[in-house]
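For any residue, its number in this note's numbering is found by taking its place in the sequence shown, counting from 1, and adding 5.
From the three backbone atoms N, C-alpha and C, an ideal C-beta is built for every residue, glycine too.
What follows is a set of notes on a single structure, which appears directly below.
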Amino acid sequence: MTNSDLDEFDLARLNLTEEQKSQLRELDIGVDRIINLAAGIKPFDIEEIKTLNKSKTWNKSRFYE
């Protein structure tokens with residue numbers, strides 16, 4: 006077996022089956038997706054949330070008048 010035949014798990018000297026390697030690759034893809042989704046989330050703006058909450062409350066009280 007040459008270095009070109011070895012994958013990242015073999016090079017790390019992990020003794021894994023092909024199924025385990027496949028599962029770890031799928032996990033890696035899933036983690037990358039989560040990281041990309043989390044990177045797209047903007048941080049909460051407390052003032053914006055307070056403003057939205059006030060407008061909801063105001064609209065409800067106005068509805069019942």
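Taking the continuous alpha helix (DSSP H) assigned at residue i, which residues delimit it?
| i | result |
| --- | --- |
| Asp15 | 13-16 |
| Gly35 | 23-44 |
If residue i sits next to residue j, beta carbons under 8 angstroms apart, how far is it from one beta carbon to the other, in whole angstroms?
| i | j | result |
| --- | --- | --- |
| Lys26 | Asp37 | Between Asp37 and Lys26 the Cβ distance is about 17 angstroms, and since that is not below 8 angstroms, they are no contact. |
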